[in-house]
Amino acid sequence: MPVFLKDLQESYDVIIIGSGLGGLTTANRLAYCGHKVLLLEHHHRLGGLATWFKRRGHIFDISLHGFPYGMVKTCKKYWNKEIMQSIVQLPNIVFNNPQFNLKTTFNKEDFTHLLQTRFGVEASTIKKFFDTVTSMNFYDDQSMTTRELFEEFFPCRSDIHRLLMEPITYANGSTLDDPAITYGIVFSNFMNKGVYTFSGGTDKLIGMMEKELEKNGVTICTKAKVNKILIEKGKVCGVSVDGTTIKATAVVSNSGITNTIFNLTESHHYSDEFLTKAKAVRVNNSSCQVYMGIKKGETIEDVGDLLFTSTADEFDSEELLDLHTKSKTFSIYYPKTRPGHDRYTIVASMNSRYSDWAELTKEQYLAEKESLIDRSIKDLEKYIPGVTEKIDWVEAATPKTFNTYTLHTRGTSFGTKFEGLDVSRSIHKQVGGLFHVGSVGIIMSGWLGAINYGVIVSNDVDSYLRA
Ligand SMILES: Cc1cc2nc3c(=O)[nH]c(=O)nc-3n(C[C@H](O)[C@H](O)[C@H](O)COP(=O)(O)OP(=O)(O)OC[C@H]3O[C@@H](n4cnc5c(N)ncnc54)[C@H](O)[C@@H]3O)c2cc1C
Numbered sequence: 016m017p018v019f020l021k022d023l024q025e026s027y028d029v030i031i032i033g034s035g036l037g038g039l040t041t042a043n044r045l046a047y048c049g050h051k052v053l054l055l056e057h058h059h060r061l062g063g064l065a066t067w068f069k070r071r072g073h074i075f076d077i078s079l080h081g082f083p084y085g086m087v088k089t090c091k092k093y094w095n096k097e098i099m100q101s102i103v104q105l106p107n108i109v110f111n112n113p114q115f116n117l118k119t120t121f122n123k124e125d126f127t128h129l130l131q132t133r134f135g136v137e138a139s140t141i142k143k144f145f146d147t148v149t150s151m152n153f154y155d156d157q158s159m160t161t162r163e164l165f166e167e168f169f170p171c172r173s174d175i176h177r178l179l180m181e182p183i184t185y186a187n188g189s190t191l192d193d194p195a196i197t198y199g200i201v202f203s204n205f206m207n208k209g210v211y212t213f214s215g216g217t218d219k220l221i222g223m224m225e226k227e228l229e230k231n232g233v234t235i236c237t238k239a240k241v242n243k244i245l246i247e248k249g250k251v252c253g254v255s256v257d258g259t260t261i262k263a264t265a266v267v268s269n270s271g272i273t274n275t276i277f278n279l280t281e282s283h284h285y286s287d288e289f290l291t292k293a294k295a296v297r298v299n300n301s302s303c304q305v306y307m308g309i310k311k312g313e314t315i316e317d318v319g320d321l322l323f324t325s326t327a328d329e330f331d332s333e334e335l336l337d338l339h340t341k342s343k344t345f346s347i348y349y350p351k352t353r354p355g356h357d358r359y360t361i362v363a364s365m366n367s368r369y370s371d372w373a374e375l376t377k378e379q380y381l382a383e384k385e386s387l388i389d390r391s392i393k394d395l396e397k398y399i400p401g402v403t404e405k406i407d408w409v410e411a412a413t414p415k416t417f418n419t420y421t422l423h424t425r426g427t428s429f430g431t432k433f434e435g436l437d438v439s440r441s442i443h444k445q446v447g448g449l450f451h452v453g454s455v456g457i458i459m460s461g462w463l464g465a466i467n468y469g470v471i472v473s474n475d476v477d478s479y480l481r482a
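When we follow our numbering, the leftmost residue of the sequence shown carries the number 16, and every step to the right adds one.
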């Protein structure tokens, strides 16, 4: 059970600011290694973007749309076997757009088959493409863009570019102009075995993680917003929460990297060179979502698990971000998603720009939200005729909602662009004992990326504390 601020001890070995999947994993690993860990979260529940909410008997998941198979190994090794055992495949991934309509298991075998039979690509080209993307790693040349990669293998084939790119843009906000390795790493992760989900929902996962944290001795304190990271003589010495100082030898911030540098610490602690790099970090886009709950007792047919839909002629990252985008994904949560809970819910997700929403007046904001809801239901009717009559709860989240709940700069859903990774990895060289974990550089975002990054950072912190 989370403890209150007033019941905390005076000092800890390490304080983790934020309980996103990266923060939770770092906390768990460090406690497992025997360190005295305090986890501070500003929200009333753990999980960060890996969260859920309840309305009239419905449970809505925010970011449980799909992750790669790699989660199985990661959860088994760094969390526990029970968590691993709840990971199940989403076998029916649907694409529907003016260029093609198809259903796929979203793995290498099926994509090879589709590219050959539906898109008429030579087997040798497909093999070369897969060999190239699977051999990509972080230390490779970063100058090639994803657009150039696609043009090299599938010149002038906007339909194939769409098949390969659209899901990845939804999965991490990357565009055709980002470095090809950020595409290659994430795409090959999915192509390994397809798309997976957590049976039982985000609430079950975070509940299981909370139990594991408690077992390992992490002190958890929610509704605790850190206002400042305290630094003395070039080293962290604690944090300040609502005027209360808590001491620590190391601090790991799971707040966004831009927040960590520009809001939680003061600039004079960093070198000019580092600050220049940090100021150049671009945050990724945000999202809009429409949550729809189906009346108790009503059912819907199986139309697929994850539907990538669009009425735009071609794929275009800018079109995906438009306030009135014609592209959206529908995640359909059948009762099998939450065994024992007999309700259906549907979430429509769109990529979105914070500025488009933040600049609206209150009236315009509410009107745009209504229009977003109307468009989503209308589009959903195409796949589930008559669904309008079956919906008994609907509401929308915008980039402002994501900003409110996670405090992320411009409500970013997927952290930062590529350059954020270097800044995140080197912050401890500027301020002794200060580390960052969380979505950066595209490849460290998403459920798998955030958890894996948590493991990497916990190793850094463990070495620091032991030294
Ligand atoms: C709409 C949407 C859909 C997504 N869908 C998927 C998906 O299908 N699959 C997938 O793999 N990924 C998905 N993602 C991305 C994924 O959810 C995130 O990349 C991942 O959960 C981020 O983890 P994180 O460790 O970076 O922390 P975050 O989840 O960003 O959490 C950071 C935490 O820090 C806390 N915090 C910040 N500042 C402070 C402070 N000063 N004091 C105390 N606490 C603080 C916040 O409250 C928050 O809890 C989606 C994201 C969004 C927005």
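Beta carbons: idealized from backbone N, C-alpha and C, even for Gly.
Tell me whether Arg162 sits in a helix, a strand or coil according to DSSP, three-state version. helix
Using a Cβ-based criterion (distance less than 7 Å to any ligand heavy atom), does Lys240 qualify as near ligand 1? yes
As assigned by DSSP and simplified to three states, the class of Leu105: coil
Suppose the cutoff is 7 Å on Cβ atoms and the five residues either side in sequence are ignored; what does the same chain contact list for Leu336 look like? Asn300, Asn366, Ser367 and Arg368
Please list, in chain order, all residues of the same chain as Ser391 whose beta carbon is under 6 Å from its beta carbon, the five residues on each side excluded. Val305 and Ala363
Quick one: what does DSSP say Tyr27 is sitting in, helix, strand or coil? strand
Cα-Cα, which of Lys248, Glu137 and Ile221 is closest to Asp76? Comparing Cα-Cα distances from Asp76 to each of Lys248, Glu137 and Ile221, the minimum goes to Ile221.
Inter-residue Cα distance where the pair is Asp146 and Phe202: 12 Å
If we ignore side chains and look at the alpha-carbon of each, how far apart do Gln157 and Asp320 end up? 34 Å
Using a Cβ-based criterion (distance less than 7 Å to any ligand heavy atom), does Ala65 qualify as near ligand 1? At least one heavy atom of ligand 1 is nearer than 7 Å to the Cβ of Ala65, so yes.
Please identify the residue among Leu436, Gly430, Val476 and Tyr479 whose C-alpha is closest to the C-alpha of Trp462. Gly430
Quick one: grab the DSSP three-state call for Ile276. helix
Nearest residue (CA-CA) to Asn207, options Gly199, Ala327 and Ser214: Gly199
Between the region 248-265 and the region 46-59, do three or more beta carbon pairs fall short of 8 Å? yes
In whole angstroms, what separates the C-alpha of Ile406 from that of Gly308? Those two C-alpha atoms are separated by around 6 Å.
Extract the residue ranges of the alpha helix (DSSP H) inside the region 234-283, only unbroken runs of 4 or more that lie entirely within it. 272-277
Considering only the alpha carbon of each residue, which of Ala382, Leu387, Ser346 and Ser150 lies closest to His339? Leu387
Pick from Gly453, Ser473, Arg481 and Ile457 that is closest to Gly62, judged by C-alpha positions: Gly453
Given a cut-off of 8 Å, decide if Asp257 and Lys432 are closer than it, judged by their beta-carbon atoms. no
Distance between Tyr154 and Gly81 (C-alpha atoms, nearest Å): 27 Å
Using 7 Å as the cut-off, classify the Cβ of Thr81 as near or not near the heavy atoms of ligand 1, replying yes or no. In the sequence as displayed, the identity of residue 81 is Gly instead of Thr. With a threshold of 7 Å, the Cβ atom of Gly81 counts as near ligand 1, since some heavy atom of the ligand is closer than that.
Inter-residue CB distance, Ile32 and Leu55 (contact presumed, cutoff 8 Å): 6 Å
6 Å CB neighbourhood of Met459 in its chain, flanking five on each side removed: Tyr468
Touch test, the region 349-356 against the region 211-218, Cβ-Cβ under 8 Å, three pairs minimum: Yes, they touch.
Separation of Asp328 from Pro113, as counted between CA atoms: Taken atom to atom, the span from the alpha-carbon of Pro113 to that of Asp328 is near 6 Å.
Using CA atoms only, rank isn't needed, just tell me which of Asp125, Lys226 and Ser478 is closest to Pro106. When each option's Cα is compared against that of Pro106, the closest is Asp125.
Less than 8 Å between the C-beta atoms of Glu181 and Phe345, yes or no? It is not a contact, given that the beta carbons lie outside the stated cut-off.
Determine the direct distance from the alpha carbon of Asn122 to that of Gly448, and round the result to whole angstroms. 41 Å
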